[in-house]
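Notes for the one structure printed next.
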Amino acid sequence: SKQLCVVVADTILETTDGNVLHKPKDFSDAYDMVHYVSSKSMVVLTGIGVRLLTFTNERWQIVHEQCSVTSTLVNFHVPENEIENYFKKNPTALKACGATVIEGHAARYLKEIQGSYTGILGLPLDVLQTMLIQCGWWT
């Protein structure tokens, strides 16, 4: 029989004062977000789901499903006079959750991580591997 494994993941940022940040609407919104998070710690929450299906009797049936959320504390600081340059060097930040990215040139603004680096990037690989092993997809 055929098997299919579906993996989904999504990330949001929550500042330690309780504000949830999503993707910016435009440059102005992105600028405001980076200015705002640069003075606060934030928690990156990445939800991940795995569903294993088998094709039997002419239809797909769920064999296993599992969800998990990783939580990573991040301190990220872009000085106000560098915010425009931050976006020039990291244009993907304009489409990123909270307008923040930590890879490439932007890594210089990362001050501290307590938790999963790959969770911050959007897919906690250690958690995914464990989930795939538990559902029997990865041995």
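So for the sequence shown, my numbering puts the first residue at 208; every next one is plus one.
No residue lacks a Cβ here, since even glycine has one placed at the ideal position from N, Cα and C.
Being a predicted model, the structure only gives us computed values, none of them experimental.
According to DSSP, is residue i part of a helix, a strand, or is it coil?
| i | result |
| --- | --- |
| SER278 | strand |
| ASP333 | helix |
| CYS304 | helix |
| SER235 | helix |
| ILE320 | strand |
| GLU221 | strand |
Would residue i pass as a contact of residue j if the rule is Cβ separation under 9 Å?
| i | j | result |
| --- | --- | --- |
| VAL334 | ILE309 | no |
| GLN268 | GLN341 | no |
| LEU260 | VAL251 | no |
| PHE283 | LEU317 | yes |
| CYS212 | LEU330 | no |
| GLN336 | THR279 | no |
| TRP344 | GLN210 | yes |
| THR218 | GLY254 | yes |
Taking all protein chains shown into account, do 16 or more other C-beta atoms lie within 10 angstroms of the C-beta of residue i, making it buried, or fewer, making it exposed?
| i | result |
| --- | --- |
| SER245 | buried |
| VAL241 | buried |
| THR263 | exposed |
| VAL285 | buried |
| THR299 | exposed |
Using DSSP's beta-bridge definition, name the partner residues of residue i.
| i | result |
| --- | --- |
| ALA216 | ILE255 |
| HIS271 | LEU259 |
| VAL244 | Answer by DSSP bridge pairing: none, since VAL244 is not bridged. |
| THR211 | Rather than Thr, the amino acid found at residue 211 in this sequence is Leu. Answer is LEU260, bridged to LEU211. |
| VAL285 | None, per the DSSP bridge assignment. |
| MET249 | THR222, VAL281 |
| ARG315 | None, per the DSSP bridge assignment. |
Below 8 Å on the Cβ atoms is my contact criterion, and I expect residue i with residue j to pass it. Report the Cβ-Cβ distance as a whole number of Å.
| i | j | result |
| --- | --- | --- |
| LYS230 | ALA303 | 7 Å |
| THR222 | MET249 | 5 Å |
| GLY311 | LEU220 | That belief does not hold up - the Cβ atoms of GLY311 and LEU220 are roughly 19 Å apart, past 8 Å. |
Does residue i have its Cβ less than 9 Å from a Cβ in chain B?
| i | result |
| --- | --- |
| ARG315 | Among the chains of the structure shown, chain B does not appear; only one protein chain is present. |
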